[in-house]
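> Can you read through this structure? Questions will come right after.
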Amino acid sequence: MTDIAISNLAWNESADQQIFEAMRNLEIFSLEISPFRDVTGILEVNKRFDNKMSKLLNSYGIHIVALQSLMFRYPGVSLFKDEATRSEMFEHLVSILEFSNKVGSTIVVFGSPKNKIKSKLSREGALDIAKNFFRKLADQAQRLNITFCIEPTPAVYGADFILNTNEALDCVKGVNRKSIKINLDIGSSILNNEKIEGIIRDNIKYIGHVHISEPYLKAIDCNYLFHRNIAQALNNSNYKGVVSIEMLPAGKSDAKNISEVLSFVKNVYQLNYEK
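Just so we're aligned, residue 1 is where the sequence shown starts under our numbering, counting upward by one.
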């Protein structure tokens, strides 16, 4: 059965307990987190989890299933600038993998459009660098039983590399490791006018995670027919991973909006297909 989750990007820290209560009421116990939403640096992330978040999550029966926004607050670290910054990026991402393993998460999602600007590099040259980089990272992920998911980021997000799902698939296939897959980001697919059901049908073995999102991370449009088609494609392809809601805070009524979206996504993506 598909697991339903939501990213904590959808609300601010002050609303944590209110949202966790709403999740528990809907029997949704899986959480995706942006580790740097509230603090800066991996040491602070670990300290905050140990001193506060672990106990709070346990009190609601909620567990972390995925990490995203891995390079938030790290704008100067780049995949393509030079070897020094590439090494810094690698060490940072390994520390994220280790934190993911510590908290029980088996998925990390890498989009980070500003941290993979290829600039004047050819696409082929950039892809060669990326494949070597992600191959080493995939080996670290495999060691920790984590799936590292590459997320396409369209040009409107300031990206110039891995702009669409096919390019993400090219990279993943080139890396050729079981521990590296794509994150199917619905918002990016909408922006790129992609045939989402066809991508799912033809590439299910490469899909490690799914983000239910809108362009620019706006609040989810609860369009039943649109999402039913995606849910059917995932079910028909025997997808057993996580479907995670990704959006930014929508305003003063965040808790109400989030509860409505959680209920909608659970009904469409999970309850309709319970065995």
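All C-beta atoms in this analysis are idealised placements derived from N, C-alpha and C, irrespective of residue type, glycine included.
Quick one: what does DSSP say Lys266 is sitting in, helix, strand or coil?
Of the three classes helix, strand and coil, the one that applies to Lys266 here is helix, per DSSP.
> So, is the C-beta of Thr153 closer than 8 Å to a C-beta in chain B?
In the structure shown, chain B does not exist; there is a single protein chain.
> Count the other CB atoms, across all protein chains shown, that sit within 10 Å of the CB of Lys275; report buried if there are 16 or more and exposed otherwise.
Reliability of the predicted coordinates at Lys275 is poor, the pLDDT of 47 falling under 50, and the value obtained from them is presented with this limitation in mind. Label assigned to Lys275: exposed.
> Extract the residue ranges of the alpha helix (DSSP H) inside the region 225-251, only unbroken runs of 4 or more that lie entirely within it.
Within the region 225-251, no complete alpha helix (DSSP H) run reaches 4 residues.
> What residues match up with His211 in a beta bridge as DSSP calls it?
According to DSSP, His211 bridges with Asp185 and Ser244.
> In three-state terms, what does DSSP make of Ala141?
In this structure, Ala141 counts as helix in the three-state DSSP scheme.
> Taking 6 Å as the limit between beta carbons, can you name the residues of its chain near Gln18, skipping five residues before and five after?
Result list for Gln18: Ala255, in chain order.
> Please state whether the Cβ-Cβ distance between Val65 and Ala5 is less than 8 Å.
In contact: Val65 and Ala5 (Cβ atoms closer than 8 Å).
> In the DSSP assignment, the beta strand (DSSP E) including Ala66 goes from what residue to what residue?
Note, Ala66: beta strand (DSSP E), His63 to Leu67.
> Check for me: the alpha helix (DSSP H) holding Ser147 runs from which residue to which?
Sequence inspection shows Thr at residue 147; the Ser mentioned does not correspond to that position. Unbroken run through Thr147 is the beta strand (DSSP E), Thr147 to Ile150; no alpha helix (DSSP H).
> Check whether the Cβ atoms of Leu169 and Lys116 lie closer than 8 Å to each other.
In this structure, Lys116 does not lie closer than 8 Å to Leu169 by Cβ.
> DSSP state of Lys275, grouped into three classes?
Interpretation of Lys275 is limited by its pLDDT of 47, a score under 50 that renders its predicted location unreliable; the figure taken from the coordinates is listed afterwards. Lys275 falls in the coil class under three-state DSSP.
> Any idea if Met247 is buried or exposed, counting beta-carbon neighbours within 10 angstroms, 16 or more meaning buried?
Per the 10 Å Cβ criterion, buried.
> Please go through the same chain and pick out, in chain order, the residues whose beta-carbon is closer than 8 Å to the beta-carbon of Met23, but skip the five residues on each side of it.
Closer than 8 Å at the Cβ level, and outside the excluded window around Met23, lie Ile6, Phe29, Leu31, Tyr60, Ile62 and Leu262.
> With a 10 Å radius around its C-beta and 16 neighbouring C-beta atoms as the bar for buried, classify Asn12 as buried or exposed.
Flag for Asn12 reads exposed.
> Between Ser189, Ser54 and Leu67, which lies nearest to Leu217 when the distance is taken from Cα to Cα?
The option with the nearest alpha carbon to Leu217 is Ser189.
> Among all the DSSP beta bridges, which residues are the ones paired with Val109?
Note: Val109 sits in a beta bridge opposite Cys149.
> Secondary structure at Leu31, three-state DSSP: helix, strand or coil?
DSSP places Leu31 in strand when its eight states are reduced to three.
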